[in-house]
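Okay, so here's the structure we're looking at.
Residue numbers (the numbering used here): 1 to 433.
What follows is the structure in structure tokens.
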């Protein structure tokens, strides 16, 4: 991908932004970014915060966003740019081979896809005990919470948001505007994984169940993934399945939920839910248009005709009878909707990754333009950042597998060269990435 020019802070502003916290750091010498890295390795207060779990690298935690079986998500502030990020924290002691493979796939997927309606991955930081995925922070929270708090959307409000999700899923399968096919399948599309970045902008996230089809779109998959209320019938039949129709079914359930604030298939137990989904019986509430209903599934009620048609087309029992992503995109109900394709500008904090290739010395502050060595035996990729007055970002994804040698960075004698056999070496091998 061509280098994307991103504005850096003016040198005067950068120098004034952060004062060196360690008295031994040279005052006024080097960039603020250099001085922060120096403090990260030498300042006792920073090292204490690292050991207490209050910070990782240049990010200081500010609050909890959620938790799962083997991970938690926290909001954090970048020390230099003061911008917010979401950091997914994984305890390495709880990662079995299956979850390590899922993590590898999640990282590989998020590195490969860069779309305005997909949550970005900025950094991956590893310590001896934890892995941190530094991601874009969606300030508006989950689509699910919006629907359960305020009720169903009017179709005119649901349409642009649903089009954005469709654009993201289409991009995962095929790079828009090129012959290159990504062939990524999400496999966990649901309202809880769609996030508001702005009042009229949503982004798809949580790629833990995603996978890439290596032999084309007809490749058969075997693993049951995702949330049961969004699961397609073929998943409950314990048979191999095609990836794209499973995502299309989940999109139909999502649209149904958006325009009704109800789920098409509801039950008290998974066994009962399975029966309802395999029966394929549901009713679209009367307020849903026929156009929207056609995308979902049942024509006996009142949502506009085009919406009904859309719902019906996505919730077909037979996978090959469901609408394709292209047919959804070009459906009558979505006519006139915007389908974003170009990634937005990269935020400032992507210019300042937490790379610690070796311990910094006072000599580093004497180098022209503050250029630091970026040598690391853990990644063959080149640095994505040039530390000039204007910085160039080579890609929009994670810039490197970023490693800290120890949870207690300042006391580890191996910080000069990073030669650990890390979990990334293992999970990349497991996932074949």
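Even glycine gets a Cβ: it sits at the ideal position worked out from N, Cα and C.
- Here residue 195 is bridged, per DSSP, to 142, 203.
- With a beta-carbon spacing of about 21 angstroms, residue 230 and residue 140 fall beyond the 8 angstroms limit used to define contacts.
- Annotation note: the segment 253-287 contains the following uninterrupted alpha helix (DSSP H) runs of length 4 or greater, listed N- to C-terminal: 270-279.
- Straight through space, the alpha carbons of residue 57 and residue 220 are spaced by roughly 41 angstroms.
- Taken atom to atom, the span from the alpha-carbon of residue 259 to that of residue 113 is near 29 angstroms.
- Per the coordinates, the alpha-carbon of residue 309 lies some 36 angstroms from the alpha-carbon of residue 108.
- The way I'd put it, the segment 126-142 doesn't touch the segment 232-251; fewer than three beta-carbon pairs between them come closer than 8 angstroms.
- Taking all protein chains in view, the Cβ of residue 253 is crowded by 16 or more other Cβ atoms within 10 Å, so the residue is classified as buried.
- Just measuring C-alpha positions, the residue of 251, 317, 121, 255 sitting nearest residue 281 is 317.
- The C-alpha of residue 156 lies about 15 angstroms from the C-alpha of residue 331.
- Bounds of any alpha helix (DSSP H) do not take in residue 64; it lies within the beta strand (DSSP E) bounded by 59-67.
- Of the residues 270, 264, 336, 325, the one whose Cα lies closest to the Cα of residue 183 is 325.
- A Cβ-Cβ contact shorter than 8 angstroms links residue 159 with residue 337.
- When beta bridges are read from the DSSP output, residue 91 appears opposite 130.
- In terms of Cβ geometry, residue 129 and residue 93 form a close pair [threshold 8 angstroms].
- If the five residues before and after residue 328 are omitted, its C-beta is found closer than 8 angstroms to the C-beta atoms of 166, 248, 251, 295, 310, 313, 314, 334, all from its own chain and listed in chain order.
- Under the three-state reduction of DSSP, residue 74 is assigned to strand.
- Under DSSP, the beta-bridge partners assigned to residue 292 are 305.
- In the structure shown, residue 219 adopts coil according to DSSP, grouped into three states.
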